[in-house]
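Asker: In case it helps, this note's numbering puts the sequence shown at residues 1079 to 1955.
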Amino acid sequence: MIEDEMSENPLEDLSVESDRQPKQPMIHQLSGMYQNWFLDYASYVILERAVPHIEDGLKPVQRRVLYAMKTLDNGRRIKVAKIVGAAMAFHPHGDASINDALVQLGQKGYLIDTQGNWGNILTGDDAAAGRYIEARLSQFALEVVFNDQITKWKKTYDGSTDEPIALPLKFPLLLAQGAEGIAVGLSSKILSHNFNELCDACCLYLKGQDFKLYPDFPTGGLIDVSRYNDGERSGTIKSRALITKIDNRTLSITELPAGKNTSTLIESILKANEKGKIKIKKVDDMTASTADIRIHLAAGTSSDKTIDALYAFTDCEVSISPNACVIYNDKPVFTSVSEILKFSADRTRQLLHDELKIRLGEKQERYLLASLERIFIEERIYKDKAFEDAKNEETALAHIDKRLEPWKSQFIRPITNDDLKKLLEIRMASILKFNIPKHEEMMLHLEDEIAKLKHNIEHITEYTIKWFEYLKDRYGHLFPRMTQITNFDTIEATKVAELDEKLYINRHEGFVGTSLRNDEFVCNVSVIDDIIIFFRSGKYMITKVEDKKFIGKEEVIHIARFEKTDDRTIYNVIYRDGKHGAYFIKRFNVTSMTRDKEYDLTPGKEGSKIIYFTANMNGEAEIVRVRLKRKPKQRIDEFDKDFSGILIKSKAARGNLLTKNEIKGVSLKAQGSSTLGGRSVWFDPDINRINYNEQGRFLGEFYADDRILVILKNGECYTTDFNETNHYEPNIRCIEKFIPEKVWTAIYYDAEQKYHYLKRFRVEEDKRELIMGETAGNYIELLTDKYYARFEVLFGGEDEHRKPLEIDADEFIGVKSVRAKGKRLTTYRIDHILECEPLHPDPEFEKEKNEDREETESIALNNDEDEEVADLFKDFQ
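1. Does the segment 1544 to 1554 come into contact with the segment 1365 to 1384, if we say contact requires no fewer than three beta-carbon pairs (one atom in each stretch) closer than 8 angstroms?
2. For Lys1355, is the classification buried or exposed, using 16 other Cβ atoms within 10 angstroms of its Cβ as the cut-off for buried?
3. Pull up the DSSP beta-bridge partners for Asp1077, would you.
4. Considering only residues of the same chain and omitting the five flanking positions on each side of Asp1892, which have a CB-CB separation below 8 angstroms?
5. Determine the closest residue to Gly1256 out of Val1704, Ala1207 and Tyr1188, with distance taken between C-alpha atoms.
6. Output the boundary residues of the alpha helix (DSSP H) element that contains Thr1342.
7. Could you spell out where the beta strand (DSSP E) holding Lys1435 opens and where it closes?
8. For the alpha helix (DSSP H) containing Ser1758, list its first residue and its last residue.
9. Here's a check: name, in chain order, each residue in its chain whose Cβ is nearer than 8 angstroms to the Cβ of Ile1156, leaving out the five neighbours to either side.
10. For Arg1775, which residues from the same chain have a beta carbon less than 6 angstroms from its beta carbon, with the 5 sequence-adjacent residues on both sides left out?
11. Excluding the 5 residues preceding and the 5 following Leu1754 in the sequence, name in chain order all residues of the same chain whose CB lies nearer than 7 angstroms to its CB.
12. Taking three-plus beta-carbon pairs below 8 angstroms as touching, is the segment 1826 to 1840 in contact with the segment 1398 to 1412?
13. To which residues of the same chain is Gly1630 closer than 8 angstroms at the C-beta, ignoring the five residues directly before and after it?
14. What residues in its chain sit with their C-beta under 8 angstroms from that of Gly1554, if we drop five residues either side in the sequence?
15. Could you check whether Ala1748 and Phe1721 sit closer than 7 angstroms to each other, using their CB atoms as the reference points?
16. Measure the Cβ-Cβ separation of Ile1538 and Arg1452 and say whether it is below 7 angstroms.
17. Can the beta-carbon of Phe1691 be found less than 7 angstroms from the beta-carbon of Val1651?
18. Could you check where the beta strand (DSSP E) with Leu1912 kicks off and where it finishes?
19. Taking the straight line between their C-alpha atoms, what separation do you get for Ile1786 and Ile1268?
20. In angstroms with no decimal places, state the Cα-to-Cα distance between Asn1326 and Glu1598.
21. What residues are listed by DSSP as bridge partners for Trp1485?
22. Whose C-beta lies closer than 6 angstroms to the C-beta of Asp1567 among residues of the same chain, with five residues either side of it excluded?
23. Who are the Cβ neighbours of Ile1405 in its own chain at under 8 angstroms, not counting the five residues just before and after it?
24. From Arg1708 to Ser1615, what distance separates their C-alpha atoms?
25. Compare the beta carbon distance of Asp1382 and Asn1804 with 7 angstroms and say whether it is the shorter of the two.
26. Just mark Ser1728 as buried or exposed, buried being the case when its beta carbon has 16 or more other beta carbons within 10 Å.
27. From Ile1436 to Gly1153, what does the alpha carbon distance come to, in whole angstroms?
28. Looking only at its own chain, which residues have a Cβ that is under 7 angstroms from the Cβ of Thr1934, when we skip the five neighbours before and after it?
29. Buried or exposed: which applies to His1477, given that a residue is buried once 16 or more other Cβ atoms fall within 10 Å of its Cβ?
30. Am I right that Phe1869 and Ile1825 are in contact with their C-beta atoms under 8 angstroms? What's the rounded C-beta distance?
31. On the premise that Glu1352 lies in contact with Gly1298, defined as a C-beta separation below 8 angstroms, what is that separation, rounded to the nearest angstrom?
32. Between Asp1909 and Tyr1835, what straight-line distance do the alpha-carbon atoms span, to the nearest angstrom?
33. Would Val1896 pass as a contact of Tyr1865 if the rule is Cβ separation under 7 angstroms?
34. Consult DSSP for Asp1302 and reduce its assignment to one of helix, strand or coil.
35. Go ahead and label Glu1503 buried or exposed: buried means 16 or more other beta carbons lie within 10 angstroms of its beta carbon, across all protein chains shown.
36. When DSSP labels each residue in this structure, what does Asn1650 get in the three-state scheme?
Following this line, the structure appears as structure tokens:
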């Protein structure tokens, strides 16, 4: 049976040799297959699918979609399904990829004019099916993308027709739209930029000037470009949502970070809430034409802290790493945004030059033919006997060529037979209607156009600059900047996480955690926090918050939430060095440690023991009473020790010797004050936040009860504490350290009374007030903190002849509440008001001047004493 089956196989003769011996199997080397086949596949994906070409900024599928739309273009919108079908003649990968590429191009808003449901980049909703939506090329695309005369062509994948190698795109579209693609072994991520800024940058480059480009995203938001690095792959940017406060219990996200939509953003917020990183009541998506995500906070939740937590734990802040990879000369190249723009500007200049040359050639050809036509008609060559008696076309053409001989030196090129044949095609009706004045007018117009074209070709750079200026003037209003460029502060997650977990300790069994609800409560923590634990032996460690963790049965003397880089929490310690050693005193802080590693604040001798320990949040230094065990001949039994005399050193330092005698006990004698002084506070206007690291404007040195005064441009004033998590509005008129005694003077316009009023007041703590009242239309004309403020009122209109009115605020009105209406300046029409120099110095200034004088006298006195001592020393020598 097997032999019969073999004999019936028609391919049998090809698989065996003539002597019926079996053929040897073909052997393939796997390494060679992988090297050749995989390299071919990778090259195809890189060049033909994922990475945009630098010449036109398009991927192949995008280029084919646009070319298909151009072939179908009739000025009307066409069904997307029809466009996809037409593009399949050029693209070998099916309709799904074509449809996706077309929708993405339509959502960019540059090249395609859309109609129907094309999806929503804010919500992430998909577009409708291609049979329901329509599209056509935009006017911008028709103007800058296509020109068959300067387009280079290649055969399609099946060889049936031609397609463009690259479209002659006369604009840096790649930077305007952005591009993202993952190939084999590499990826490309070019961020979108602003249309108007790209036009300006092209003009600056062509003028030989420097330029800077930063991303702009259609979803708006905020970006920090301090590490953008010109879009190279080593750079990064941070993009944030714009979060505003509707009230203290409601936040609204009105602009989204790059690459995110309301669906993904809400999902990340809900996940953070489930994990306990933020504390919110509910989230409502109110998005319509603009984004609006309403976040309702739980009772007792800080809105400022929640904003920081949203940036720290959700997609409200994202980090993006650009990677400017493009296809150049059939190879992937990593470059920068500036280089892409320069290449595009240079290519635009070359394309415009080529277009001008083609148009110049067309005009010159038209001028040549018009000249030949005029000579042919004016010289009545068609009436020559030799022409009329010509037996054939060749003889007639030879006669015309001979008659044109006197004018051939004036022509821009030699006359060809094709030119002469066109003269034979002139109809008698055209000859009879030939009008010399009209023809001369047409020739002059052609000469003018030819001259302009030649001038533009000779000054192609200036012409290209005008081209970009034209694009900006015509289309720039359609593409305003959406994303605000600013600087971000670094948000530490542990500082903004909601402390919604409770930490407990079981000292007897040696466990600590958030699930030990029947044991000793320690403090509130968050799920991402670390805790620091000190033991009686001098050992200490940092560990992560967990449900239940064994830390040992050794006596715990201090356990607390640990804040990394906190250099103001100071630990005051007295310990015994060894079982029978001396006693040492030390002060130190802990700003960083390795998690779950055991440290020792003593030198580590066996039997060491802590006998006094305090943790001081602001570096306080107390006074303690040390009681010693009685010994014969011992002079004192107790003494006081002030921790303020002990320097703050490293946590590994041994400390100062306190006593070699045995200590019976240590007790607190008096609470001390901070040895660190007040906290220096700065305000950074770029991010409208305060900080402690010398960024922005110095506000002063703040102590525990000090506050910050904020006065807004709309007249609101209020005070806050100096917590670095506070958020401040962008429309700040004044921000400074709050001095309750300071007197402010304001002149404001009352829209209801239609008069100007002057008031003097002190700002009240913990109250948010409007300086000029709550009537709509009121506004502040002048605001000053000079105690003896003076003003000059100039009149206008029918009262402009009146003498200017001088007003001394201190004499005009007394100091009243900020809610007081004040006193009307005048009933006459005011043109404007000027602030004048006070006649008397400020009381605070006078006080400071006296203090400076006393300090100067003290310094002088000390200098005199030093000189006397020096003289005595000279005499002694």
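Note that the Cβ used here is the ideal one computed from N, Cα and C, for glycine as well.
Answerer: Once the coordinates are examined:
1. no
2. Mapped onto the sequence shown, residue 1355 falls at position 277. That one is buried.
3. It is not possible to answer for residue 1077, since the shown part of the chain is limited to 1079 through 1955.
4. The count along the sequence shown starts at 1 and reaches residue 1892 at position 814. Note that residue 1892 corresponds to Gly in the displayed sequence, not to Asp. Hits under 8 angstroms: Arg1838.
5. The residue given as residue 1256 occupies position 178 in the sequence shown. Here the closest residue by C-alpha is Tyr1188.
6. Numbered from its first residue, the sequence shown carries residue 1342 at position 264. It spans Thr1340 to Glu1352 - the alpha helix (DSSP H) in which Thr1342 sits, taken as one unbroken run.
7. Taking the first residue of the sequence shown as position 1, residue 1435 is located at position 357. Run containing Lys1435: none in the beta strand (DSSP E); it sits in the alpha helix (DSSP H), Val1415 to Glu1456.
8. By 1-based counting over the sequence shown, the position of residue 1758 is 680. Run containing Ser1758: none in the alpha helix (DSSP H); it sits in the beta strand (DSSP E), Arg1757 to Asp1762.
9. Walking along the sequence shown from the start, residue 1156 turns up at place 78. Same-chain partners within the cutoff: Met1147, Leu1150, Glu1212, Ala1213 and Arg1214.
10. For the purposes of this step, residue 1775 is taken as residue 697 along the sequence shown, with counting starting at 1. Phe1761, listed in sequence order.
11. As a first step, residue 1754 must be located in the sequence shown, where it is residue number 676. Only Arg1646, Asn1696 and Gly1697 meet the Cβ criterion.
12. no
13. Translated into the one-based positions of the sequence shown, residue 1630 becomes position 552. Only Gly1588 and Phe1613 meet the Cβ criterion.
14. Stepping through the sequence shown from its first residue, residue 1554 is reached at position 476. Excluding sequence neighbours, Gly1554 sits near Phe1273, Asn1274 and Cys1277.
15. Sequence index remark: in the sequence shown, residue 1721 carries index 643 (1-based). Sequence index remark: in the sequence shown, residue 1748 carries index 670 (1-based). For Phe1721 and Ala1748, no; Cβs fall outside 7 angstroms.
16. Counted from its first residue, the sequence shown places residue 1538 at position 460. Counted from its first residue, the sequence shown places residue 1452 at position 374. No, the Cβ-Cβ distance between Ile1538 and Arg1452 is not below 7 angstroms.
17. In the sequence shown, the residue the question calls residue 1691 occupies position 613. In the sequence shown, the residue the question calls residue 1651 occupies position 573. Their beta carbons are under 7 angstroms apart, which means Phe1691 touches Val1651 by this criterion.
18. As a first step, residue 1912 must be located in the sequence shown, where it is residue number 834. Its beta strand (DSSP E) spans residues Ile1908 to Cys1914.
19. Along the sequence shown, read from residue 1 onward, the residue named residue 1786 stands at position 708. Along the sequence shown, read from residue 1 onward, the residue named residue 1268 stands at position 190. Taking the straight line joining both Cα atoms gives about 43 angstroms.
20. Locating residue 1326 in the sequence shown gives position 248, where the first residue counts as 1. Locating residue 1598 in the sequence shown gives position 520, where the first residue counts as 1. Going by the C-alpha atoms only, they are around 34 angstroms apart.
21. Taking the sequence shown and counting its residues from 1, the one referred to as residue 1485 is at position 407. Answer is none; Trp1485 lacks a bridge partner.
22. As a first step, residue 1567 is located in the sequence shown; it is residue number 489 there, counting from the start. Counting only Cβ-Cβ distances below 6 angstroms, and skipping sequence neighbours, we find Ile1765 and Arg1767.
23. Residue 1405 sits at position 327 when you count from the first residue of the sequence shown. Counting only Cβ-Cβ distances below 8 angstroms, and skipping sequence neighbours, we find Ile1124, Leu1125, Val1129, Pro1130, His1131, Ile1132 and Val1411.
24. Looking up residue 1708 in the sequence shown gives position 630. Looking up residue 1615 in the sequence shown gives position 537. Roughly 25 angstroms separates the two Cα atoms.
25. On the sequence shown, position 304 is the one that residue 1382 refers to. On the sequence shown, position 726 is the one that residue 1804 refers to. Yes, Cβ-Cβ distance for Asp1382 and Asn1804 is below 7 angstroms.
26. Residue numbering aside, residue 1728 sits at position 650 when the sequence shown is read from its first letter. Result: exposed.
27. In the sequence shown, the residue the question calls residue 1436 occupies position 358. In the sequence shown, the residue the question calls residue 1153 occupies position 75. Their Cα atoms are separated by approximately 25 angstroms.
28. Along the sequence shown, read from residue 1 onward, the residue named residue 1934 stands at position 856. Low confidence applies here, because Thr1934 scores a pLDDT of 37, under 50, leaving its location unreliable and the question unanswered by this model.
29. Sequence index remark: in the sequence shown, residue 1477 carries index 399 (1-based). That one is buried.
30. In the sequence shown, the residue the question calls residue 1869 occupies position 791. In the sequence shown, the residue the question calls residue 1825 occupies position 747. Right, their Cβ atoms sit about 7 angstroms apart.
31. If you number the sequence shown from 1, residue 1298 lands on position 220. If you number the sequence shown from 1, residue 1352 lands on position 274. Incorrect: roughly 28 angstroms between the Cβ atoms, too far for contact.
32. One-based indexing of the sequence shown puts residue 1909 at position 831. One-based indexing of the sequence shown puts residue 1835 at position 757. Each residue's alpha carbon lies about 14 angstroms from the other.
33. Counting from 1 along the sequence shown, the entry for residue 1896 is found at position 818. Counting from 1 along the sequence shown, the entry for residue 1865 is found at position 787. The answer is no: Cβ separation not under 7 angstroms.
34. Counting from 1 along the sequence shown, the entry for residue 1302 is found at position 224. Asp1302 falls in the strand class under three-state DSSP.
35. Reading the sequence shown from its first residue, position 425 is the one you call residue 1503. Under this definition Glu1503 is an exposed residue.
36. Residue numbering aside, residue 1650 sits at position 572 when the sequence shown is read from its first letter. Looking at Asn1650 - three-state DSSP - the assignment turns out to be strand.
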